[in-house]
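Protein chains in written order, with the working numbering: chain H, 1 to 523; chain P, 1 to 418; chain C, 1 to 183. Think of the CB as a built atom: it goes at the ideal place given N, C-alpha and C, for glycine as much as any other residue.
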Amino acid sequence: MSSFNPDERTAQRMAGGQDRPDAERPRDPETIDGTIIDDPSVRPPLVLGDRDFHSVTETICGWAENPAPKWWMPAFLISSAVSGIGTLMILYLIITGVGVWGLNSPVMWGWAIVNFVWWVGIGHAGTLISAILCIFKQKWRTSINRFAEAMTIFAVICAGTFPGIHVGRVWFAWMLFPIPNYNYIWPQFRSPLLWDVFAVGTYFTVSLLFWYMGMIPDLATLRDRALKRLHMKAAVGPIEIALGKIRAFGYGFFALGWRFSSRGWLNYEKAYILLAGLATPLVLSVHSVVSFDFAVSILPGWHTTIFPPYFVAGAIFSGFAMVLTLLIPARELYPGMKDFVTARTLENMCKIITLTGLIVGFAYAMEFFIAWYGGNVFESEAFIIRAIGPYWWAYAIMFSCNVLSPQVFWFKWARTTPWFIFIVTIFVNIGMWFERFVIVTTLSSDFLPGSWRYYAPTYVDVLTFVGSLGIFMTLFLLFMRFLPMLAISEVKNVLPQADPHGHHGSESGDGAGEKNGKEGAHG
Amino acid sequence: MSGSGAHNTSLADRGDIRMSPSAARVLSAVLLAIGAVCVGLTLVLGLTTGDKTVARQALASYHVGFLIAIGFSLGAMAIVMILHQVNAGWAGLIRRQFENVMSLVWPCAILFIPVILLSLLGDPLWKWMDPEYVAGDALYDHKKPYLNTTFFLIRNIVYFVIWIWLAHSLFRYSTQQDLTGDKWLTAKARRMSSYGLLLFALTTAFAAFDWEMTLDFHWFSTMYGVYFFAANVGAAICLVTFILLMLRRSGRLADLVTVEHYHDLGKLMFGFVVFWAYISFSQYFLIWYANIPEETMWYQRRQADGWGTIAIALSLGRFILPFILLMPRPFRRSPAVLAFASVWLIGFHALEVFWIVRPQVYDPATYEPIMLNLLDVAAALGPVSLFLGLLVRKIASGPLVPLHDPRMDESLHHKNYI
Amino acid sequence: MAEPRTDAPIWGMTAEYESPAAIYHAAERFRDAGYAKWDVYAPIPIHGIDQAMGLKPSKVGWFVAVGAIVGVSGGLLMQWFMNAFAYQINVAGKPLFAWEQFMPVTFELGILFSATMALLAMLTLNGLPRWNHPLFGHDRFLRVSDDRFMIVVESKDPKFDAEATRRLLEECGGTHIETVVEE
Chain H
1 MSSFNPDERT AQRMAGGQDR PDAERPRDPE TIDGTIIDDP SVRPPLVLGD
51 RDFHSVTETI CGWAENPAPK WWMPAFLISS AVSGIGTLMI LYLIITGVGV
101 WGLNSPVMWG WAIVNFVWWV GIGHAGTLIS AILCIFKQKW RTSINRFAEA
151 MTIFAVICAG TFPGIHVGRV WFAWMLFPIP NYNYIWPQFR SPLLWDVFAV
201 GTYFTVSLLF WYMGMIPDLA TLRDRALKRL HMKAAVGPIE IALGKIRAFG
251 YGFFALGWRF SSRGWLNYEK AYILLAGLAT PLVLSVHSVV SFDFAVSILP
301 GWHTTIFPPY FVAGAIFSGF AMVLTLLIPA RELYPGMKDF VTARTLENMC
351 KIITLTGLIV GFAYAMEFFI AWYGGNVFES EAFIIRAIGP YWWAYAIMFS
401 CNVLSPQVFW FKWARTTPWF IFIVTIFVNI GMWFERFVIV TTLSSDFLPG
451 SWRYYAPTYV DVLTFVGSLG IFMTLFLLFM RFLPMLAISE VKNVLPQADP
501 HGHHGSESGD GAGEKNGKEG AHG
Chain P
1 MSGSGAHNTS LADRGDIRMS PSAARVLSAV LLAIGAVCVG LTLVLGLTTG
51 DKTVARQALA SYHVGFLIAI GFSLGAMAIV MILHQVNAGW AGLIRRQFEN
101 VMSLVWPCAI LFIPVILLSL LGDPLWKWMD PEYVAGDALY DHKKPYLNTT
151 FFLIRNIVYF VIWIWLAHSL FRYSTQQDLT GDKWLTAKAR RMSSYGLLLF
201 ALTTAFAAFD WEMTLDFHWF STMYGVYFFA ANVGAAICLV TFILLMLRRS
251 GRLADLVTVE HYHDLGKLMF GFVVFWAYIS FSQYFLIWYA NIPEETMWYQ
301 RRQADGWGTI AIALSLGRFI LPFILLMPRP FRRSPAVLAF ASVWLIGFHA
351 LEVFWIVRPQ VYDPATYEPI MLNLLDVAAA LGPVSLFLGL LVRKIASGPL
401 VPLHDPRMDE SLHHKNYI
Chain C
1 MAEPRTDAPI WGMTAEYESP AAIYHAAERF RDAGYAKWDV YAPIPIHGID
51 QAMGLKPSKV GWFVAVGAIV GVSGGLLMQW FMNAFAYQIN VAGKPLFAWE
101 QFMPVTFELG ILFSATMALL AMLTLNGLPR WNHPLFGHDR FLRVSDDRFM
151 IVVESKDPKF DAEATRRLLE ECGGTHIETV VEE
């Protein structure tokens, strides 16, 4: 029997006002926050704290409206500084040439492609959470989809940087577009690198549309709230800024005049589910196309038919890890977020990480088996060199981070303890970076032993990568500051009182009553 | 539409949750008889002529039938475990039919015995089992630690032991719950599904290698296990949709399994049509693009001498047409369309298995362009028909829905709003 | 947000409801009463409200289908033109035109066009963007984006009658029944 009733907190909140710091919240040893329930007859609540529509609006809009938390400005300055370093490195590269990177003759694709694939892969979790889980009607996704979609957009921006700059002479990057260049030469569509341009370009556009469309109603909510605070002003020294008007105009402009009409919602929901339906094959295709970069070649270790689904699983794997890496601190830092991002949400994500980690492990096993079974000496040699050659350490890191580390989530404690999940997700992020590194450094031992060369990055490689992390964090912090971090209307829609039909009770109080009843029945 | 009274009365008291015993007896007898006749015909036509190639043809086509039958079972097993693992609420009413299909793994094991026995005793279906054929083959010598009869037998025993154990346990949890109403059996099934899926993935991948890929033992593809999985799960969904629609026709479950459930089954069907297309295209495309002889030969053989016609028919019938047919929402909600689509897809699934297995027996040097005759049809239909006959008996042997699923309420009220 | 004029003609009449269930049943009454130019405003898309309101299915799907056809055929045509017609060059012995090698880009363009059409169709069918609307001048309307549910009947509706409509709104449990004037 669980000793913990989530509604006590509500009573306290109603009596004492706003969300209390999470540290004071009670924690039940069995059900954590009341959502880890083994009993198959009980559906754990999706939103805790017995919230009504208004308190959902208040909390989520509050994160964007209230003054920034104390940590925000320092974090923003640091990440901007880091992105500044990255920008400098890119400038240095453009001025000097790709020689500033550690590329050498057999390894002509270095960190740039590793970073590109890593970032694109991270982006995929956003689409997976918003699109695929939407199609599968996983309601717990509503508390994380906006967050994850934002991550997608920023990760794809970081990803797109690398192919752009790795060509060396970036002023020729326009040749990638389907327009005739000098001498009326057209781009050639048999190259997987051109497919990448279309895949990543489409992916970015569609993710942006999906993110933006999902945000229109929430922006309208922020607009309507801003209209009530129209006279709010901020003073920077002697200059007075009409903050209220700027906010109302900004949110109002992007809300496009959304009026919450049901006729509008009908088209909106149809368009949303269609976008989800389109984004699902898109997310599979994008990483498949990225895998084609390697797999259509006839290089040992690269040309193998399992690459497309294996890359997709790896992408989802790393993306979920990155969502958790961002979500767990945010959940601690923003008051009230734990009501939406429950222990159950984290647990579900851990399970997906374990699943995709196993799929990746399955792919490693298949690669090894077929490398031997195929009987091609170059292929099997490439895999032996991967495992015990000069880059054995990279392979060891990859394997232990990707296949072994997520196995801890078979234990309930591990997948319900946020700080521990956080550590594992960092390992997964590292492991997935190394997976691409392992694939790329397969080049260092090619067909001719005479031309084998060890590849090592230069400081420019490293700092460019670190800079891309800075760009990502900077954009993400801006998102957390100014936009609705959770999908307000979608979260409202999974509250029990949002259901217009009988069995949850028509009055808003009954939903809580039923929840209590089920809690009581448990155990 | 969901009947308003459906959730008020207990499921167990309803009259329409069991198949009519007499109808089941007749139907299964007919199917079993067809199966027996087909198997008999195969024996007569295939083995009595004394022509080695005809015998091999009979064996290959029988193998096709076996692969179709076990494909249903394995696909259904995957679905059952996935449904448990994700705590699916909507599927309570349809899960039993997947469980019925899944539980027939053991007859498939028996159906497989003739293939193995005839391969061991007579002219083998797997060329690598023929010592004369592989003599001096360097690739075979390399693969010998994996491709030898002893290890092959051990592997197949391991596969079937694992599958029968999984199917039996999961089926038992579900049927015990009918009797006891213990909700914790669902939690047990969920726990079993987690490691069950892991075991399932590994065994089916290697079974796919053993049963299909190593028929041409020079060829290899890392994707093959996924390809096998995608095709079979799709086929199992089609089969179960068809079963439910036929039950509905005979007045069973009419207000329980509603158009809302069919809509979701239609979505799954559509999803697996697309997934199959994705996997098979990726496999074909990477091999096409790299253009390495040791890989292209598999497709080469299947694009020449009339087999290419089947390849084109597959891309149309297994992907493009069902993709268009299942695209509009009203169609996915229409029982008639879904019944047509499921039969259509199962037909093309069978054709695909045939296209994978059968060209391996055909020898371009000695045969007419494509040799497809009554023997192929009879040999493939035999095991499938026996399987379906047993399936009808299985369906009739208990209630058509789980009686005390703890989440049945969700399934009874399931609705698709978008 | 123009100041509402007191002498302006009536644009419509609004009534508030507390919960999705309440407005769902009210919507059924309005549907049965045969109103045409009215709408339910809610902070969430209420499940099944389209049936309660008697709405026809959304047409967004057709636009998306057009986008998909244009994207796929345009993509194939573009690649044929650029690689098999305008600039023919032998790359790795690949054919100048083969469906296999052009599939990735064709697919991506199909998705790109259909996704763009989905958003554009949603906006077009909803008459958006439209930054000015009589309802925005109605103070109580601002709470719809938070937790209120509102039925609005436009005066343009042939069945609109200040008295009868008000009575129906009241009968269905509406509170704060007010009129909104033209902007």
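1. DSSP on residue 261 of chain H, reduced to helix/strand/coil?
2. Name, in chain order, the residues that DSSP records as bridge partners for residue 179 of chain C.
3. Consider the Cβ of residue 290 of chain H: report whether some Cβ of chain P lies at a distance smaller than 8 Å.
4. Using DSSP with H/G/I as helix, E/B as strand and the rest coil, what is residue 108 of chain H?
5. Could you tell me the distance, in whole angstroms, from the CA atom of residue 21 of chain H to the CA atom of residue 418 of chain H?
6. State yes or no: is the beta carbon of residue 417 of chain P nearer than 8 Å to at least one beta carbon in chain C?
7. Return the CA-CA distance between residue 233 of chain H and residue 219 of chain H, expressed in angstroms with no decimal places.
8. Output needed for residue 63 of chain P: all residues of its chain with C-beta closer than 8 Å, excluding positions within five of it in sequence on either side, in chain order.
9. Run through chain P and tell me which residues come within less than 9 Å of residue 48 of chain C, C-beta to C-beta.
10. Go through its chain and collect everything with a Cβ distance to residue 196 of chain H's Cβ below 7 Å, but skip five positions before and after it.
11. Output the residue ranges of the beta strand (DSSP E) runs that lie fully inside the segment 193-275 of chain H and measure 3 residues or longer, sorted by chain position.
12. Check the C-beta distance from residue 391 of chain P over to residue 101 of chain P and give it rounded, since I have them as a contact under 8 Å.
13. So is residue 461 of chain H in contact with chain C if we call contact Cβ pairs under 8 Å?
14. Alpha carbon to alpha carbon, what distance is there between residue 478 of chain H and residue 87 of chain H?
15. Considering residue 38 of chain C, what are the terminal residues of the beta strand (DSSP E) in which it resides?
16. Looking only at its chain, what residues have a beta carbon closer than 6 Å to the beta carbon of residue 63 of chain C, apart from the 5 residues adjacent to it on each side?
17. Using a Cβ cut-off of 8 Å (strictly closer), state whether residue 53 of chain C contacts chain P.
18. Determine the chain P residues that contact residue 526 of chain H at a beta-carbon separation under 8 Å, and present them in chain order.
19. Tell me whether the beta-carbon of residue 43 of chain C lies closer than 8 Å to the beta-carbon of residue 161 of chain C.
20. Between the C-alpha atoms of residue 420 of chain P and residue 226 of chain P, what's the straight-line distance to the nearest angstrom?
21. If you follow the beta strand (DSSP E) that residue 150 of chain C is in, where does it begin and where does it stop?
22. From residue 218 of chain P to residue 224 of chain P, what distance separates their C-alpha atoms?
23. For residue 398 of chain H, which option in H:371, H:438 and H:67 has the closest C-alpha, if you only look at C-alpha atoms?
24. Using beta-carbon positions only, say whether residue 165 of chain H and residue 90 of chain H come within less than 8 Å of one another.
25. What does a CB cutoff of less than 8 Å around residue 194 of chain P pick up in its chain, not counting 5 residues either side in sequence?
26. So the alpha helix (DSSP H) residue 271 of chain P belongs to, where does it begin and stop?
27. Give the residues of chain C in contact with residue 289 of chain P, contact being defined as C-beta atoms less than 9 Å apart.
28. Would DSSP call residue 89 of chain C helix, strand or coil?
29. Kindly give me the distance between the Cβ atoms of residue 125 of chain H and residue 319 of chain H, rounded to whole angstroms, as I take these residues to be in contact under 8 Å.
30. Taking Cβ to Cβ, would you say residue 383 of chain P is nearer than 8 Å to residue 167 of chain P?
31. Excluding five sequence neighbours on each side, which residues of the same chain lie with their C-beta closer than 7 Å to the C-beta of residue 287 of chain P?
32. Going along chain P, which residues have a C-beta under 8 Å from residue 303 of chain H?
33. Under 8 Å by Cβ, that's how I've got residue 100 of chain H and residue 339 of chain H pegged, so tell me the actual separation to the nearest angstrom.
34. For residue 406 of chain P, which residues in chain H fall below 9 Å Cβ to Cβ?
35. Along chain H, which residues have their Cβ under 8 Å away from the Cβ of residue 130 of chain C?
Looking at the coordinates:
1. The residue given as residue 261 of chain H occupies position 261 in the first sequence. Here residue 261 of chain H sits in strand by DSSP.
2. Residue 179 of chain C sits at position 179 when you count from the first residue of the third sequence. Its beta-bridge partners are C:13.
3. As a first step, residue 290 of chain H must be located in the first sequence, where it is residue number 290. Put simply, the CB of residue 290 of chain H is far from chain P, with every gap to its CB atoms at 8 Å or more.
4. Indexing the first sequence from 1 puts residue 108 of chain H at position 108. Coil, per DSSP.
5. Residue mapping note: residue 21 of chain H aligns to position 21 of the first sequence, counting from 1. Residue mapping note: residue 418 of chain H aligns to position 418 of the first sequence, counting from 1. With a pLDDT of 49 at residue 21 of chain H, under the threshold of 50, the modelled position of this residue cannot be trusted; read the value that follows with caution. If you take the alpha carbons of residue 21 of chain H and residue 418 of chain H, they lie about 17 Å apart.
6. Against the second sequence, residue 417 of chain P aligns to sequence position 417. Under the Cβ distance rule, residue 417 of chain P counts among the residues neighbouring chain C, one pair being separated by less than 8 Å.
7. The residue you call residue 233 of chain H lines up with position 233 of the first sequence. The residue you call residue 219 of chain H lines up with position 219 of the first sequence. Roughly 21 Å separates the two Cα atoms.
8. Start at 1 with the first residue of the second sequence, and residue 63 of chain P comes out as number 63. So the qualifying residues of the chain are 115, 125, 211 and 357.
9. On the third sequence, residue 48 of chain C is found 48 positions in, with the first residue counted as 1. For residue 48 of chain C, the residues of chain P that pass the 9 Å Cβ criterion are 415 and 417, in the order they occur in the chain.
10. Sequence index remark: in the first sequence, residue 196 of chain H carries index 196 (1-based). Cβ neighbours of residue 196 of chain H beyond the five flanking positions: 163, 289, 290 and 293.
11. Fully enclosed beta strand (DSSP E) runs of 3 or longer: 234-236 and 239-241.
12. Taking the second sequence and counting its residues from 1, one reaches residue 391 of chain P at position 391. Taking the second sequence and counting its residues from 1, one reaches residue 101 of chain P at position 101. At roughly 6 Å, the Cβ-Cβ gap stays under 8 Å, so residue 391 of chain P and residue 101 of chain P are in contact.
13. Position 461 of the first sequence, counted from the first residue, corresponds to residue 461 of chain H. It does not: the Cβ of residue 461 of chain H has no partner Cβ on chain C nearer than 8 Å.
14. As a working mapping, residue 87 of chain H is identified with position 87 in the first sequence. As a working mapping, residue 478 of chain H is identified with position 478 in the first sequence. Going by the C-alpha atoms only, they are around 18 Å apart.
15. Position 38 of the third sequence holds residue 38 of chain C. That run of the beta strand (DSSP E) goes 38-41.
16. Mapped onto the third sequence, residue 63 of chain C falls at position 63. Excluding sequence neighbours, residue 63 of chain C sits near 117 and 121.
17. Here residue 53 of chain C is taken as the residue at index 53 of the third sequence, counted from 1. Chain P, which has no Cβ nearer than 8 Å to the Cβ of residue 53 of chain C, makes this no.
18. One cannot answer for residue 526 of chain H here, as it falls past the ends of chain H, which runs 1 to 523.
19. In the third sequence, the residue the question calls residue 43 of chain C occupies position 43. In the third sequence, the residue the question calls residue 161 of chain C occupies position 161. Taking 8 Å as the Cβ cut-off, residue 43 of chain C and residue 161 of chain C do not qualify as a contacting pair.
20. Since the first and last residues shown for chain P are 1 and 418, residue 420 of chain P lies out of range.
21. Locating residue 150 of chain C in the third sequence gives position 150, where the first residue counts as 1. Run containing residue 150 of chain C: 149-154, per the beta strand (DSSP E) assignment.
22. For the purposes of this step, residue 218 of chain P is taken as the residue at position 218 of the second sequence. For the purposes of this step, residue 224 of chain P is taken as the residue at position 224 of the second sequence. In a straight line, the C-alpha of residue 218 of chain P is about 14 Å away from that of residue 224 of chain P.
23. Taking the first residue of the first sequence as position 1, residue 398 of chain H is located at position 398. For residue 398 of chain H, the nearest C-alpha among the options comes from H:438.
24. Residue numbering aside, residue 165 of chain H sits at position 165 when the first sequence is read from its first letter. Residue numbering aside, residue 90 of chain H sits at position 90 when the first sequence is read from its first letter. Yes. Within cutoff.
25. On the second sequence, position 194 is the one that residue 194 of chain P refers to. Excluding positions up to five away in sequence, the list reads 85.
26. One-based indexing of the second sequence puts residue 271 of chain P at position 271. From DSSP, the alpha helix (DSSP H) with residue 271 of chain P extends over 259-290.
27. On the second sequence, residue 289 of chain P is found 289 positions in, with the first residue counted as 1. Ordered by position in chain C, the residues that pass the 9 Å Cβ test against residue 289 of chain P are 92, 94, 100 and 101.
28. Translated into the one-based positions of the third sequence, residue 89 of chain C becomes position 89. Residue state, collapsed to three classes: coil.
29. Reading the first sequence from its first residue, position 125 is the one you call residue 125 of chain H. Reading the first sequence from its first residue, position 319 is the one you call residue 319 of chain H. That belief holds up - the Cβ atoms of residue 125 of chain H and residue 319 of chain H are roughly 2 Å apart, short of 8 Å.
30. In the second sequence, residue 383 of chain P corresponds to position 383, counting from 1. In the second sequence, residue 167 of chain P corresponds to position 167, counting from 1. Going by C-beta atoms, residue 383 of chain P is not nearer than 8 Å to residue 167 of chain P.
31. Position 287 of the second sequence, counted from the first residue, corresponds to residue 287 of chain P. Cβ neighbours of residue 287 of chain P within its own chain (closer than 7 Å, five residues either side excluded): 295, 296 and 299.
32. Position 303 of the first sequence, counted from the start, is the residue given in the question as residue 303 of chain H. Identification of chain P residues near residue 303 of chain H by a Cβ-Cβ cut-off of 8 Å yields 286, 290 and 292, ordered along the chain.
33. Residue 100 of chain H sits at position 100 when you count from the first residue of the first sequence. Residue 339 of chain H sits at position 339 when you count from the first residue of the first sequence. Going by Cβ atoms, the distance from residue 100 of chain H to residue 339 of chain H rounds to 49 Å, so no, they are not a contact pair.
34. On the second sequence, position 406 is the one that residue 406 of chain P refers to. Correct list: 39, 40, 41 and 42.
35. Start at 1 with the first residue of the third sequence, and residue 130 of chain C comes out as number 130. What residue 130 of chain C touches in chain H: 256 and 257.
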